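Participant: First the structure, then my questions, so here it is.
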Amino acid sequence: MDFGAFFFLATLEGLVQAAVLSLTALGLSLVFGVMRVVNVAHGQFFMLGAFLAWWITNMIANQPVLGFLAALLIAPLLVGGIAFLGERLVLKPLNYGPQSTIVATIGFLYIIQEVALILFGPDPRPVEPPFQFDVEFPWFGYSGYKLFVICTAALLLCATWFVMRSMRIGLAMRATQFDSETAQNFGIPVGRVYAQVFAIGAMLAAVAAVLIVPIQQAHYLMGLDALLLSFIAVIVGGLGSIQGTVVAAILIGLSGGILSVFFSPTLAKIVATLFVALVLVFKPEGLFGGKAR
Amino acid sequence: MTAASTRKSIFLHLAVVAVLFGLQFVVPDYDKLTITRIMVIAVYAIGYNVLFGYTGLLSLGHAMFFAVGLYAAGLPVYYFGLDLPLAFALGIGASLILSLLIGVIALRTSGVSFMIVTLMFAQAGYLLTFHLTEYTQGDAGLNLPASIRSFGFAGITFDLTKPDVRYNLALCILALAILIVFAVVRSRSGRILVAIRENEERTRMLGYNSFAHKLKAFVIAGGLSGTSGATFAILFAYVGASFASIQNSIEVLLFTLLGGAGTILGPLLGTAAMVYLVDKTSEFTTAHLLIVGLALIVLVAWFPKGILGSVRERWVKWIP
Numbered sequence: 001m002d003f004g005a006f007f008f009l010a011t012l013e014g015l016v017q018a019a020v021l022s023l024t025a026l027g028l029s030l031v032f033g034v035m036r037v038v039n040v041a042h043g044q045f046f047m048l049g050a051f052l053a054w055w056i057t058n059m060i061a062n063q064p065v066l067g068f069l070a071a072l073l074i075a076p077l078l079v080g081g082i083a084f085l086g087e088r089l090v091l092k093p094l095n096y097g098p099q100s101t102i103v104a105t106i107g108f109l110y111i112i113q114e115v116a117l118i119l120f121g122p123d124p125r126p127v128e129p130p131f132q133f134d135v136e137f138p139w140f141g142y143s144g145y146k147l148f149v150i151c152t153a154a155l156l157l158c159a160t161w162f163v164m165r166s167m168r169i170g171l172a173m174r175a176t177q178f179d180s181e182t183a184q185n186f187g188i189p190v191g192r193v194y195a196q197v198f199a200i201g202a203m204l205a206a207v208a209a210v211l212i213v214p215i216q217q218a219h220y221l222m223g224l225d226a227l228l229l230s231f232i233a234v235i236v237g238g239l240g241s242i243q244g245t246v247v248a249a250i251l252i253g254l255s256g257g258i259l260s261v262f263f264s265p266t267l268a269k270i271v272a273t274l275f276v277a278l279v280l281v282f283k284p285e286g287l288f289g290g291k292a293r
Numbered sequence: 294m295t296a297a298s299t300r301k302s303i304f305l306h307l308a309v310v311a312v313l314f315g316l317q318f319v320v321p322d323y324d325k326l327t328i329t330r331i332m333v334i335a336v337y338a339i340g341y342n343v344l345f346g347y348t349g350l351l352s353l354g355h356a357m358f359f360a361v362g363l364y365a366a367g368l369p370v371y372y373f374g375l376d377l378p379l380a381f382a383l384g385i386g387a388s389l390i391l392s393l394l395i396g397v398i399a400l401r402t403s404g405v406s407f408m409i410v411t412l413m414f415a416q417a418g419y420l421l422t423f424h425l426t427e428y429t430q431g432d433a434g435l436n437l438p439a440s441i442r443s444f445g446f447a448g449i450t451f452d453l454t455k456p457d458v459r460y461n462l463a464l465c466i467l468a469l470a471i472l473i474v475f476a477v478v479r480s481r482s483g484r485i486l487v488a489i490r491e492n493e494e495r496t497r498m499l500g501y502n503s504f505a506h507k508l509k510a511f512v513i514a515g516g517l518s519g520t521s522g523a524t525f526a527i528l529f530a531y532v533g534a535s536f537a538s539i540q541n542s543i544e545v546l547l548f549t550l551l552g553g554a555g556t557i558l559g560p561l562l563g564t565a566a567m568v569y570l571v572d573k574t575s576e577f578t579t580a581h582l583l584i585v586g587l588a589l590i591v592l593v594a595w596f597p598k599g600i601l602g603s604v605r606e607r608w609v610k611w612i613p
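Same order as they appear, the protein sequences are chains C and D.
Each residue of the first sequence is one higher than the one before, starting from 1 at the first, in our numbering.
Each residue of the second sequence is one higher than the one before, starting from 294 at the first, in our numbering.
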């Protein structure tokens with residue numbers, strides 16, 4: 001395989017990672033942007049989505065396509081419902097104070113992780129891809145499912161963008177993000193917007209997990225890496241900037257392999273975490289210069 | 294603070310130390326070990342509380358200071374057979390230096406960013422213990438050999454394989470930690486810390502250098518965390534990566550919240566309550582993280598002042 005083909009393959013692999021990461025990170029960024037809540041449990045919603053996908057596809061095992069479509073629809077709805085309940089029952093009474101909400105979401109993190117361990121066990125759970133065919137490029141054949149992941153994620157990103165730009169609910173979200181008190185004065189039900197945003201954030205993570213689970217397996221600890229990567233994307237893209245997050249997530253996904261080529265995986269993670277801490281200290285508006293709000 | 298309430302609170306803290314001293318003659322050996330562990334970990338929580346409870350800064354990464362004390366004391370003993378008092382001093386010194394460095398960087402941020410930055414630094418430290426698995430043995434950790442577990446100090450030989458010796462050494466260090474924090478909290482600069490917690494802008498406007506005071510609180514908290522780590526390594530002859538994990542940072546937060554943030558004895562009470570709770574429930578469930586998670590939510594949502602904080606609010610106003 002010559003260099004061009006190799007580069008093309010690496011780009012495709014990077015795009016798969018970028019697709020999943022941008023959805024997950026978008027969810028985290030939306031919650032932080034609108035609610036100013038750091039959702040440490042975000043990775044657990046991702047993990048929950050993956051396990052629910054495994055559970056649903058197993059229930060409809062004889063029809064893989066139908067099972068997968070059901071998972072793609074039901075798993076995010078369930079996860080969104082759990083997040084909605086958590087928001088109403090715990091975060092709302094806390095009045096969204098930064099310290100108390102972060103402590104509460106740490107509580108969510110442990111509870112969800114432990115419940116998943118009890119319900120689904122410590123073993124990784126594989127999910128069959130709903131269809132198996134290779135798309136033939138001139139140089140190599142490439143998994144059609146991975147291309148499907150890239151396209152679906154792109155579609156979902158566009159849909160989210162459309163909702164935020166052109167629909168009433170998106171307008172309410174942007175108004176709440178801009179200034180929640182003024183939004184309240186203009187008759188926007190800020191409390192309900194918060195609950196919706198928290199649920200949508202969790203659903204985005206769950207969708208990303210359903211998409212990736214036929215490629216990676218579901219595991220009860222998978223949420224921690226998802227959380228770390230999403231954090232990196234949100235911070236590098238600039239806290240509170242949703243576009244910045246998506247750009248950062250795509251760049252990180254595309255360049256994903258690079259760090260681990262040069263360093264051992266642990267060292268790559270060390271470098272990445274230190275880098276994020278330093279970005280947050282010295283360039284809190286993110287690396288792309290967007291204005292922090 | 295009136296002189297009477299100062300006298301009362303000094304008496305209270307002396308009484309707590311005296312009760313802990315007396316306990317060793319009545320409790321069975323198993324509980325003696327548990328209480329020793331509680332006293333050592335309580336030093337960590339008491340230090341953490343200076344930052345979280347009094348200054349109002351929520352750090353999610355204090356396991357790194359505990360761990361640096363643990364490793365800086367434990368590794369030289371393991372590899373070079375360093376004298377234990379010297380190793381202890383080394384552990385404390387290392388944690389003081391690290392907390393000064395991290396504090397200078399992390400305190401440039403505030404609020405949400407501060408929490409994430411401390412979390413990220415601690416995570417980098419945790420990963421570092423795995424990167425250096427060759428020397429630290431990662432999660433499995435190192436057991437210090439029994440042959441180097443005694444030391445002579447001031448003409449007396451301390452044998453750390455004896456439970457009584459460990460118990461009383463832990464008690465001494467706990468008493469010292471309480472004394473230090475008591476002095477800090479009751480001092481002028483302790484009141485400035487509380488002022489920063491209540492309203493940093495206003496404190497700065499009154500002409501106080503809030504950064505310097507926050508850094509001081511950060512270093513005191515880091516140093517006491519490191520002291521706790523070093524004590525743990527020496528008394529229990531074990532160093533392992535799990536003490537550097539995020540979970541260890543969260544647990545100290547939980548102990549402090551449970552006992553009552555912003556009270557001197559709260560963290561001790563919280564540590565004791567939580568360690569015993571996990572101990573008792575481990576008989577019928579292994580899911581102790583579930584308890585930790587539930588406890589965090591219950592505390593922060595319905596019981597934010599913790600045990601001692603609520604007691605102070607309702608009945609005994611003079612508890613420092």
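For each residue, glycine too, the CB sits at the ideal point set by N, CA and C.
All figures in this text were calculated on a predicted structure; none of them were measured in a lab.
(1) Exposed or buried, residue 270 of chain C, counting other C-beta atoms within 10 Å across all chains shown (16 or more means buried)?
(2) What's the C-alpha gap between residue 122 of chain C and residue 219 of chain C?
(3) Mind listing the chain C neighbours of residue 401 of chain D? Cutoff is C-beta to C-beta under 7 Å, in chain order.
(4) Using only the alpha-carbon positions, how far apart do residue 390 of chain D and residue 174 of chain C sit?
(5) Taking all protein chains shown into account, decide if residue 342 of chain D is buried (16 or more other Cβ within 10 angstroms of its Cβ) or exposed.
(6) Just the Cα atoms here: how many angstroms apart are residue 398 of chain D and residue 504 of chain D?
(7) Counting only the same chain and skipping the five closest in sequence on each side, list residues whose C-beta sits under 8 Å from that of residue 436 of chain D.
(8) What residue ranges within the segment 104-162 of chain C form continuous beta strand (DSSP E) runs of no fewer than 3 residues, ordered along the chain?
(9) For residue 443 of chain D, collect the residues of the same chain with a Cβ closer than 7 Å to its Cβ; drop the 5 residues on either side in sequence, then sort them by chain order.
(10) So that I know if they touch, is there some Cβ in chain D lying closer than 9 Å to that of residue 296 of chain C?
(11) As an exercise, report each continuous beta strand (DSSP E) stretch of at least 3 residues that is fully enclosed by the segment 174-232 of chain C, in chain order.
(12) Specify the secondary structure class of residue 444 of chain D as computed by DSSP and reduced to three states.
(13) Using a Cβ-Cβ cut-off of 9 Å, state whether residue 416 of chain D counts as contacting chain C.
(14) Which partner residues does residue 532 of chain D have in the DSSP bridge list?
(15) Between which two residues does the alpha helix (DSSP H) harbouring residue 357 of chain D extend?
(16) What runs of the alpha helix (DSSP H), each 4 residues or longer, lie entirely inside the segment 529-577 of chain D?
(17) Considering only the alpha carbon of each residue, which of C/83, C/277 and C/101 lies closest to residue 401 of chain D?
(18) Taking C-alpha atoms, which residue in D/318, D/302, D/324 and D/313 lies nearest to residue 569 of chain D?
(19) Got a sec, what are the start and stop residues for the alpha helix (DSSP H) residue 325 of chain D sits in?
(20) Apart from the five residues on each side of it in sequence, which residues of its chain come closer than 6 Å, Cβ to Cβ, to residue 242 of chain C?
(21) Going by beta-carbon coordinates alone, are residue 592 of chain D and residue 37 of chain C separated by less than 9 Å?
(22) Measuring straight from C-alpha to C-alpha, what distance separates residue 487 of chain D and residue 585 of chain D?
(23) Answer with yes or no whether the minimum CB distance from residue 298 of chain D to chain C is below 9 Å.
(24) Which value, in whole angstroms, describes the spacing of the CA atoms of residue 546 of chain D and residue 463 of chain D?
(25) Find the residues of chain C that neighbour residue 560 of chain D, judging by a C-beta separation of less than 9 Å, and give them in chain order.
(26) Return the first residue and the last residue of the alpha helix (DSSP H) that residue 58 of chain C is part of.
(27) Taking CB distances under 9 Å as the criterion, tell me whether residue 571 of chain D reaches chain C.
(28) Using a Cβ cut-off of 9 Å (strictly closer), state whether residue 553 of chain D contacts chain C.
(29) So that I know if they touch, is there some Cβ in chain C lying closer than 9 Å to that of residue 398 of chain D?
(30) Out of curiosity, what's the CA-to-CA distance linking residue 255 of chain C and residue 22 of chain C?
(31) Applying the criterion that 16 or more other CB atoms from any shown protein chain within 10 Å of the CB defines a buried residue, is residue 500 of chain D buried or exposed?
(32) Give the residues from the segment 111-136 of chain C that approach chain D closer than 9 Å (Cβ to any Cβ), ordered along the chain.
(33) Within the 9 Å Cβ cut-off, does residue 587 of chain D reach chain C?
(34) Can you find a CB in chain D that lies within less than 9 Å of the CB of residue 90 of chain C?
(35) Is it buried or exposed, residue 459 of chain D, if we count other Cβ atoms within 10 angstroms and call 16 or more buried?
(36) Using 9 Å as the limit for Cβ to Cβ distance, is residue 344 of chain C near chain D?
Facilitator: Looking at the coordinates:
(1) Around the beta carbon of residue 270 of chain C, a 10 Å sphere encloses 16 or more other beta carbons of the protein chains shown; the residue is thus reported as buried.
(2) Distance from the CA atom of residue 122 of chain C to the CA atom of residue 219 of chain C, rounded to whole angstroms, is 7 Å.
(3) Within 7 Å Cβ-Cβ: 281.
(4) Rounded to whole angstroms, residue 390 of chain D to residue 174 of chain C spans 44 Å at the Cα level.
(5) A buried status is given to residue 342 of chain D, since no fewer than 16 other beta-carbon atoms sit within 10 Å of its beta-carbon.
(6) Each residue's alpha carbon lies about 11 Å from the other.
(7) Within the same chain, residue 436 of chain D has close Cβ partners 530 and 531.
(8) You should have 134-136 and 141-143.
(9) Cβ within range, chain order: 450, 451, 452 and 453.
(10) Outside the displayed span of chain C (1 to 293) sits residue 296 of chain C, for which this structure offers no information.
(11) List check, beta strand (DSSP E) in window: nothing returned.
(12) DSSP places residue 444 of chain D in strand when its eight states are reduced to three.
(13) Interface annotation, residue 416 of chain D: in contact with chain C, CB-CB separation under 9 Å.
(14) D/435, per the DSSP bridge assignment.
(15) Unbroken alpha helix (DSSP H) run through residue 357 of chain D: 356-373.
(16) Runs of the alpha helix (DSSP H) inside the segment 529-577 of chain D: 539-552 and 559-574.
(17) Out of C/83, C/277 and C/101, C/277 has the C-alpha closest to the C-alpha of residue 401 of chain D.
(18) Distance from the Cα of residue 569 of chain D is smallest, within the candidate group D/318, D/302, D/324 and D/313, for D/324.
(19) Per DSSP, residue 325 of chain D belongs to the alpha helix (DSSP H) from 322-342.
(20) Here residue 242 of chain C has 29 and 33 as same chain residues with Cβ atoms under 6 Å from its own Cβ, once five neighbours each way along the sequence are excluded.
(21) It is not a contact, given that the beta carbons lie outside the stated cut-off.
(22) Spanning the two alpha carbons is a distance of roughly 28 Å.
(23) Between residue 298 of chain D and chain C, the shortest Cβ-Cβ separation is not below 9 Å.
(24) Spanning the two alpha carbons is a distance of roughly 21 Å.
(25) Going along chain C, no residue has its Cβ under 9 Å from residue 560 of chain D, so there is no contact; the nearest lies around 16 Å.
(26) For residue 58 of chain C, the enclosing alpha helix (DSSP H) begins and ends at 42-59.
(27) Chain C, which has no Cβ nearer than 9 Å to the Cβ of residue 571 of chain D, makes this no.
(28) The beta carbon of residue 553 of chain D does not come within 9 Å of any beta carbon belonging to chain C, so the residue lies off that interface.
(29) Taking Cβ atoms only, chain C reaches closer than 9 Å to residue 398 of chain D, which makes this a yes.
(30) In a straight line, the C-alpha of residue 255 of chain C is about 13 Å away from that of residue 22 of chain C.
(31) For residue 500 of chain D, the number of other beta carbons within 10 angstroms of its own is below 16, and it is reported as exposed.
(32) Against chain D - using a Cβ distance shorter than 9 Å - the residues of the segment 111-136 of chain C are 111, 112, 113, 114, 115, 117 and 118.
(33) The beta carbon of residue 587 of chain D falls within 9 Å of a beta carbon belonging to chain C, placing the residue at that interface.
(34) Residue 90 of chain C counts as touching chain D.
(35) Sixteen is the threshold: when 16 or more other Cβ atoms of the shown chains lie within 10 Å of the Cβ of residue 459 of chain D, as they do, the residue is buried.
(36) Residue 344 of chain C lies beyond the residue range present for chain C, which begins at 1 and ends at 293; the question has no answer from this structure.
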